[in-house]
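Visitor:
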DNA sequence: CGAAACAGGATTGTATACGAAAATGTGCGA
DNA sequence: TCGCACATTTTCGTATACAATCCTGTTTCG
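Chains as they are written, first to last, in my numbering: chain F, 6 to 233; chain A, 6 to 233.
Here's what the structure looks like:
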C-alpha cells in the first residue's frame, strides 16, 4: 500500500524493511538486531545498518544499548498510555481536517485500504492486517495534508504495533474493521463532527482492549517471565 | 536550564550543541554544517558528526542533501503553518494536564525559568532569551509528565526557533513574557481551564506575529535574496 | 563443591582510507 | 569576449580495520 520507491542498499530502505517487520509482528519486541547479521542480509556494510538502527531508535522502535547492541523496543505500560494519550490529542482533529478536505481520490484510497485489510484478515495474514489497519490512520493524516502531524502519527502508529504485540488481549478482534468502516461512512457523507467523534471513540476502544495493568513492565522480560 | 549531563565527544552531545546554537540563532537557517569542520571543532571523527547530523535531520532541524552536505533547515511557510498547527493540537491540553498535576517544585522551576528569561532579555542576550522562552513550553510538557508528548513539543519548539528566525516581524516583542506570566498565574491558582485557554491564545498570538505570506519560501535563499 | 577470577570469542564503537560525486577553476576555441 | 569542455579540488558516501567492551565458558583457589 505504501510507496516502495526506496532504493535498496540505503539506510532508509533497511530501516523501512525492519520497521515493516516490526509492524507485522515478524520481529517481536525484544528481538536482537545484530549489526553483522543485518549487514549480511542486505548485502551492505555495518555503516548503513548503524544509520538505519539509529533512525529507528529516534522513532522509539528500537532501543540502542551501549556496547550491547540494538533490540526491538519493549514499550512499558506507562509508555503505552502515553502513546495513546498523544494519539488522542492528534488524531481526532486530524480526522476532522481530513474529512473537510476529503477528495474522491482520498476516498478511493481509503476504500482500497479497507478492502486490503479485509483480504489480509481472510487470508489469515494477521501481521499484514495489523500493518494495514495502522497505515489507515497514517493515510488519514496524509489526506488531512499535514505532513508534520502525519510524521508524528506514523511514529505513534508504529509504536502502537509494538504495544499491541505486548499488551493485546484476545477478545474483540472485529471492532477494528467496524470502526474503520464507520469512519469511512463519515468521510463519505462529509460529516466532520462525526469523523472526529468516531476517531476519538475508536482510539478509546483500542486502549481499553489492551491489558495495561501494571505488571512491572518488561525491563528484563526474562525476570518477568520466570518470577512466579 | 537544561541538563548538561551529556558526555562530550558523543553524538548526543554534539547534536545538543548544534541544536542549541540553532535555537539561539547563532546558526541561521541555511548555514552549511561541514563534517570535517565540525569534526575538528569537537575533536572527534566524522563518524560521530554524521550520527549527530542524522539525528538532527530526524528532528527536521537539519536538512541532509545527498552528496551536498548538511544545512540548517529552512522551514517553508507551509511547514511553519504545520508546526503551529501541531502545537495547537498538543500544547493547550498539555498545559491543562500540567496545571492539574502541578507541584510546588514545578511551580518553582517555571518561576526560575521566567526569571532567567527576564535576565537574558535585560542583558541583551536575545538568542538566549529565545531559547529560554522555547524551553518554557517544553518544561510544561515535562511537568505534565508526558515524555512522549514532551518529545514532540521539544521538536516543534526547536523548529519554531527556525521559523521565528525566518518569519518574525519586528513588532510585538513583549507579548512573550506577558503570556508566560499569565500562564504562571493560571498554574499558581490551579485553574486548568484558564491554563488551556491561555496556551491556546498564546500560540495563536505567536503565529499571527509571524509574516507567513507566501513569498515563494526559501528553496535557494540566494535566488530569493537577489531576485528584485 | 562453590564462587570468584580469568581467558577466549563475539560484538559493538570509533577512526580512517579510499572511491564517488559535485562545485569550482582553467583553458581552449568560436 | 563568451561559452563550453576538461581538470582540479573539495566534500561527502561507504567500507573496512582496529580498539574497547561485554558475554560466556573454564579454571583455580578457598
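Cβ coordinates follow ideal geometry from the N, Cα and C atoms, glycine included.
Excluding five sequence neighbours on each side, which residues of the same chain lie with their C-beta closer than 8 Å to the C-beta of residue 233 (chain F)?
Guide: As a position in the first chain, residue 233 (chain F) is number 228, starting the count at 1. Low confidence applies here, because residue 233 (chain F) scores a pLDDT of 44, under 50, leaving its location unreliable; read the following figure in that light. The answer is none, since no qualifying residue turns up.
Visitor: With a Cβ-Cβ cutoff of 9 Å, do residue 154 (chain F) and residue 94 (chain A) count as a contact?
Guide: As a first step, residue 154 (chain F) must be located in the first chain, where it is residue number 149. As a first step, residue 94 (chain A) must be located in the second chain, where it is residue number 89. Contact flag set, yes.
Visitor: Can you check which of these residues, F:108, F:115, F:126 and F:83, is closest to residue 188 (chain F) by C-alpha distance?
Guide: Looking up residue 188 (chain F) in the first chain gives position 183. For the residues F:108, F:115, F:126 and F:83, the minimum Cα distance to residue 188 (chain F) belongs to F:115.
Visitor: Since residue 60 (chain A) and residue 185 (chain F) should fall inside the 8 Å C-beta cutoff, what is the C-beta to C-beta distance between them, to a whole number of angstroms?
Guide: Counting from 1 along the second chain, the entry for residue 60 (chain A) is found at position 55. Counting from 1 along the first chain, the entry for residue 185 (chain F) is found at position 180. Contact doesn't hold; Cβ gap of about 35 Å is too wide.
Visitor: May I ask which residues mark the beginning and end of the beta strand (DSSP E) holding residue 75 (chain A)?
Guide: Here the question's residue 75 (chain A) lines up with position 70 in the second chain. It spans 74-77 - the beta strand (DSSP E) in which residue 75 (chain A) sits, taken as one unbroken run.
Visitor: Can you name the residues of chain F whose CB is closer than 9 Å to the CB of residue 74 (chain A)?
Guide: Residue mapping note: residue 74 (chain A) aligns to position 69 of the second chain, counting from 1. Going along chain F, no residue has its Cβ under 9 Å from residue 74 (chain A), so there is no contact; the nearest lies around 16 Å.
Visitor: Express the C-alpha separation of residue 65 (chain F) and residue 10 (chain F) in angstroms, rounding to a whole number.
Guide: The residue given as residue 10 (chain F) occupies position 5 in the first chain. The residue given as residue 65 (chain F) occupies position 60 in the first chain. So the two alpha carbons sit approximately 24 Å from each other.
Visitor: How is residue 29 (chain A) classed by DSSP in three states: helix, strand or coil?
Guide: Stepping through the second chain from its first residue, residue 29 (chain A) is reached at position 24. Here residue 29 (chain A) sits in coil by DSSP.
Visitor: If the cut is a Cβ gap below 8 Å, which residues of chain F does residue 157 (chain A) touch?
Guide: Numbered from 1 along the second chain, position 152 holds the residue referred to as residue 157 (chain A). Simply 91 and 157.
Visitor: Does residue 139 (chain A) have its Cβ less than 9 Å from a Cβ in chain F?
Guide: On the second chain, position 134 is the one that residue 139 (chain A) refers to. False, the Cβ-Cβ gap to chain F never drops below 9 Å.
Visitor: Can residue 91 (chain A) and residue 34 (chain A) be called in contact, C-beta distance under 9 Å?
Guide: Counting from 1 along the second chain, the entry for residue 91 (chain A) is found at position 86. Counting from 1 along the second chain, the entry for residue 34 (chain A) is found at position 29. Cβ distance not < 9 Å, so residue 91 (chain A) and residue 34 (chain A) don't count as in contact.
Visitor: So is residue 123 (chain F) in contact with chain A if we call contact Cβ pairs under 9 Å?
Guide: Here residue 123 (chain F) refers to the residue found at position 118 when the first chain is read from its first residue. No - not a single Cβ of chain A is within 9 Å of the one on residue 123 (chain F).
Visitor: Just curious, the alpha helix (DSSP H) that residue 246 (chain A) is in, first and last residue?
Guide: As displayed, chain A neither begins before 6 nor continues past 233, which places residue 246 (chain A) out of reach and without an answer.
Visitor: Does residue 10 (chain A) come out as helix, strand or coil in the three-state DSSP assignment?
Guide: As a working mapping, residue 10 (chain A) is identified with position 5 in the second chain. In the structure shown, residue 10 (chain A) sits in coil (DSSP, three-state: anything other than H, G, I, E or B).
Visitor: Is the CB of residue 200 (chain F) under 9 Å away from at least one CB in chain A?
Guide: Counted from its first residue, the first chain places residue 200 (chain F) at position 195. It does not; no Cβ of chain A falls within 9 Å.
Visitor: Counting only beta-carbon atoms, is residue 23 (chain A) nearer than 9 Å to chain F?
Guide: The residue labelled residue 23 (chain A) in the question sits at position 18 within the second chain. By this cut-off, residue 23 (chain A) is not an interface position.
Visitor: For residue 59 (chain F) and chain A, any beta-carbon pair shorter than 9 Å?
Guide: The residue you call residue 59 (chain F) lines up with position 54 of the first chain. Chain A contact via Cβ: present.
Visitor: Just mark residue 193 (chain F) as buried or exposed, buried being the case when its beta carbon has 16 or more other beta carbons within 10 Å.
Guide: Residue 193 (chain F) sits at position 188 when you count from the first residue of the first chain. Its Cβ having fewer than 16 others within 10 Å, residue 193 (chain F) is exposed.
Visitor: Where residue 179 (chain F) and residue 54 (chain F) are concerned, what is the direct C-alpha to C-alpha distance, given to the nearest angstrom?
Guide: Within the first chain, the letter at position 174 stands for residue 179 (chain F). Within the first chain, the letter at position 49 stands for residue 54 (chain F). Model confidence at residue 179 (chain F) stands at a pLDDT of 49, short of 50, so the residue's coordinates are unreliable and nothing is read from them.
Visitor: Return the Cβ separation of residue 166 (chain F) and residue 27 (chain F) in integer angstroms, given the expectation that the two are a contact with Cβ distance under 8 Å.
Guide: For the purposes of this step, residue 166 (chain F) is taken as residue 161 along the first chain, with counting starting at 1. For the purposes of this step, residue 27 (chain F) is taken as residue 22 along the first chain, with counting starting at 1. Correct: roughly 7 Å between the Cβ atoms.
Visitor: Assess contact between the segment 36-50 of chain F and the segment 142-158 of chain F, defined as three or more Cβ pairs (one per stretch) separated by less than 8 Å. Is contact present?
Guide: With a cut-off of 8 Å, the segment 142-158 of chain F and the segment 36-50 of chain F do not count as touching, because too few Cβ pairs lie within range.
Visitor: Ignore the nearest five residues each way along the sequence and tell me which others in residue 172 (chain F)'s own chain have a CB closer than 7 Å to its CB.
Guide: The residue you call residue 172 (chain F) lines up with position 167 of the first chain. Excluding residues within five positions, the ones whose Cβ falls inside 7 Å are 85, 215, 216 and 217.
Visitor: My understanding is that residue 101 (chain F) touches residue 201 (chain F), with C-beta atoms under 8 Å, so please give their C-beta distance in whole angstroms.
Guide: On the first chain, residue 101 (chain F) is found 96 positions in, with the first residue counted as 1. On the first chain, residue 201 (chain F) is found 196 positions in, with the first residue counted as 1. Indeed they touch by this definition, with Cβ atoms about 4 Å apart.
Visitor: Using alpha carbons as the reference points, say which of F:208, F:196, F:163 and F:159 lies closest to residue 183 (chain F).
Guide: Locating residue 183 (chain F) in the first chain gives position 178, where the first residue counts as 1. Among F:208, F:196, F:163 and F:159, the Cα nearest to that of residue 183 (chain F) is on F:208.
Visitor: Look at the Cβ atom of residue 126 (chain A), then the Cβ atom of residue 134 (chain A), and state whether they are nearer than 9 Å.
Guide: Here residue 126 (chain A) refers to the residue found at position 121 of the second chain. Here residue 134 (chain A) refers to the residue found at position 129 of the second chain. Yes. Within cutoff.
Visitor: I'd like to check one pair, residue 139 (chain A) with residue 2 (chain A): are the Cβ atoms closer than 9 Å?
Guide: What is shown of chain A runs 6 to 233, which leaves residue 2 (chain A) out entirely.
Visitor: Of all the CB atoms in chain A, is at least one closer than 9 Å to the CB of residue 63 (chain F)?
Guide: Here residue 63 (chain F) refers to the residue found at position 58 when the first chain is read from its first residue. Closer than 9 Å to some Cβ of chain A, the Cβ of residue 63 (chain F) qualifies, so yes.
Visitor: I need the straight-line Cα distance from residue 96 (chain F) to residue 168 (chain F), nearest angstrom please.
Guide: Working through the first chain from its first residue, we reach residue 96 (chain F) at position 91. Working through the first chain from its first residue, we reach residue 168 (chain F) at position 163. Rounded to whole angstroms, residue 96 (chain F) to residue 168 (chain F) spans 18 Å at the Cα level.
Visitor: For the alpha helix (DSSP H) containing residue 97 (chain F), list its first residue and its last residue.
Guide: For the purposes of this step, residue 97 (chain F) is taken as residue 92 along the first chain, with counting starting at 1. Run containing residue 97 (chain F): 82-105, per the alpha helix (DSSP H) assignment.
Visitor: Just to confirm before moving on: does the CB-CB distance between residue 20 (chain A) and residue 75 (chain A) stay below 9 Å?
Guide: On the second chain, residue 20 (chain A) is found 15 positions in, with the first residue counted as 1. On the second chain, residue 75 (chain A) is found 70 positions in, with the first residue counted as 1. No, the Cβ-Cβ distance between residue 20 (chain A) and residue 75 (chain A) is not below 9 Å.
Visitor: On the DSSP bridge list, what partners appear for residue 215 (chain F)?
Guide: By one-based count along the first chain, residue 215 (chain F) stands at place 210. In the DSSP output, where bridge partners are listed per residue, residue 215 (chain F) has F:173.
Visitor: Starting from residue 79 (chain A), find everything on chain F with Cβ-Cβ shorter than 8 Å and list it in chain order.
Guide: Locating residue 79 (chain A) in the second chain gives position 74, where the first residue counts as 1. Those do not exist, as residue 79 (chain A) stays about 15 Å from chain F at its closest Cβ, beyond 8 Å.
Visitor: Between A:40, A:22, A:122 and A:111, which lies nearest to residue 72 (chain A) when the distance is taken from Cα to Cα?
Guide: Counting from 1 along the second chain, the entry for residue 72 (chain A) is found at position 67. Nearest C-alpha to residue 72 (chain A): A:40.
Visitor: Assuming contact is defined by CB atoms lying nearer than 9 Å, are residue 105 (chain A) and residue 195 (chain A) in contact in what I supplied?
Guide: For the purposes of this step, residue 105 (chain A) is taken as the residue at position 100 of the second chain. For the purposes of this step, residue 195 (chain A) is taken as the residue at position 190 of the second chain. Going by C-beta atoms, residue 105 (chain A) is nearer than 9 Å to residue 195 (chain A).
Visitor: Does the Cβ-Cβ distance between residue 160 (chain A) and residue 137 (chain A) come in under 9 Å?
Guide: By one-based count along the second chain, residue 160 (chain A) stands at place 155. By one-based count along the second chain, residue 137 (chain A) stands at place 132. Not closer than 9 Å, so no.
Visitor: Would you say residue 98 (chain F) faces chain A, with C-beta separation under 9 Å as the test?
Guide: For this step, residue 98 (chain F) is matched to residue 93 along the first chain. For residue 98 (chain F), the answer is yes, since a Cβ of chain A falls inside 9 Å of its Cβ.
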